[in-house]
Amino acid sequence: MKNTAHKKVIVVFFLGLALMAALELGLIRFFERTLSGGWWQSVLALAVTLVGAALVIWSVQTLSALGQGTPAPMAATKRLVRAGPYRYSRNPMTLGAGLLYLGLAVWAGSWIVFGLVLLIFISLLTFIYIHETRELAERFGVEYLQYRKEIPFLFPRIPR
14 MKNTAHKKVI VVFFLGLALM AALELGLIRF FERTLSGGWW QSVLALAVTL VGAALVIWSV
74 QTLSALGQGT PAPMAATKRL VRAGPYRYSR NPMTLGAGLL YLGLAVWAGS WIVFGLVLLI
134 FISLLTFIYI HETRELAERF GVEYLQYRKE IPFLFPRIPR
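Numbering (this note's numbering), first residue to last: 14 to 173.
Here is the structure:
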């Protein structure tokens, strides 16, 4: 894939993330703040949001550099990526996005926004588990099946 097309897909991906965050922030004003934790709530929200954003950026950068592709199906990776955040989770980008939106929900202080984020996240995970898992198995074969056995779907294993 040409470098310019690759960059366009990555820009569009991050614009999509920003749009989702803006939509969530826009919805916040319509819901009553039901969580009022004071300053610690803002600190927690910022920390969770930043960790999520960093994980998304690390994941996209790793896919781009090592997989020679992007998260978008029309510019999919050419290689199975097992390094970077992908050595801990098969879906670190999704985990990062979930944390980012969870952080925004904590900042919003609304159980309704939190519930919406949870509903959307569960729907996304279901879609990924059903469709992306099958597609990766078809595209990468035995290599992916082995990776799937070794690495958890979403949450990294805690070392013993």
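We put the CB at the ideal spot given by N, CA and C, even for glycine.
Inset, instruction - With a threshold of 16 other CB atoms inside 10 Å of the CB of F140, please say whether the residue is buried or exposed. - result: So F140 counts as exposed.
Legend entry - C-beta atoms of L79 and A96 nearer than 8 Å: L79 places its beta carbon less than 8 Å from that of A96.
Inset, instruction - Might you give, ordered along the chain, the residues of its own chain that have their beta carbon closer than 6 Å to the beta carbon of W120, omitting 5 neighbours on each side? - result: Cβ neighbours of W120 within its own chain (closer than 6 Å, five residues either side excluded): A58.
Inset, instruction - Taking K1 as part of the alpha helix (DSSP H), name the residues at either end of that continuous run. - result: This structure does not reach residue 1, given that the chain is present from 14 up to 173, and the question cannot be answered.
Legend entry - G154, DSSP secondary structure in three states: If DSSP states are grouped into helix, strand and coil, G154 belongs with coil.
Inset, instruction - For my contact list, R161 and R92 are in at a C-beta cut-off of 8 Å; report their separation, rounded to the angstrom. - result: Rounded to whole angstroms, the Cβ separation of R161 and R92 is 16 Å, and the two are not in contact under 8 Å.
Legend entry - Proximity of G109 and L149 at Cβ, strictly below 8 Å: For G109 and L149, no; Cβs fall outside 8 Å.
Legend entry - Cβ pair T107, L167 closer than 8 Å: With respect to the 8 Å criterion, T107 and L167 are classified as neighbours on the basis of their beta carbons.
Inset, instruction - May I have the straight-line CA-CA distance separating Y114 from G128, to the nearest angstrom? - result: Distance between the alpha carbons of Y114 and G128: 11 Å.
Inset, instruction - Quick one: residues in its chain with C-beta nearer than 8 Å to the C-beta of E156, no 5 flanking neighbours on either side, listed in chain order? - result: Closer than 8 Å at the Cβ level, and outside the excluded window around E156, lie L93.
Inset, instruction - Report the rounded CA-to-CA distance for P98 versus V61, giving the unit in angstroms. - result: Approximately 17 Å between the Cα atoms of the pair.
Legend entry - Cutoff 7 Å; reference L137; Cβ partners in own chain excluding five residues on either side: Within its own chain, the residues whose Cβ lies closer than 7 Å to the Cβ of L137, once the five positions on either side in sequence are excluded, are T107, listed in chain order.
Legend entry - P105 classed as buried or exposed, judged by whether at least 16 other C-beta atoms fall within 10 angstroms: By the neighbour-count rule (16 or more Cβ atoms within 10 Å), P105 is buried.
Inset, instruction - Identify every run of the alpha helix (DSSP H) within the stretch 67-139, keeping only runs that are complete inside it and at least 4 residues long; order them along the chain. - result: 105-121, all fully within the stretch 67-139.
Legend entry - Straight-line Cα distance separating P165 from Y101: Roughly 7 Å between the two C-alpha positions.
Inset, instruction - Ignore the nearest five residues each way along the sequence and tell me which others in G111's own chain have a CB closer than 6 Å to its CB. - result: Here the set comprises F134.
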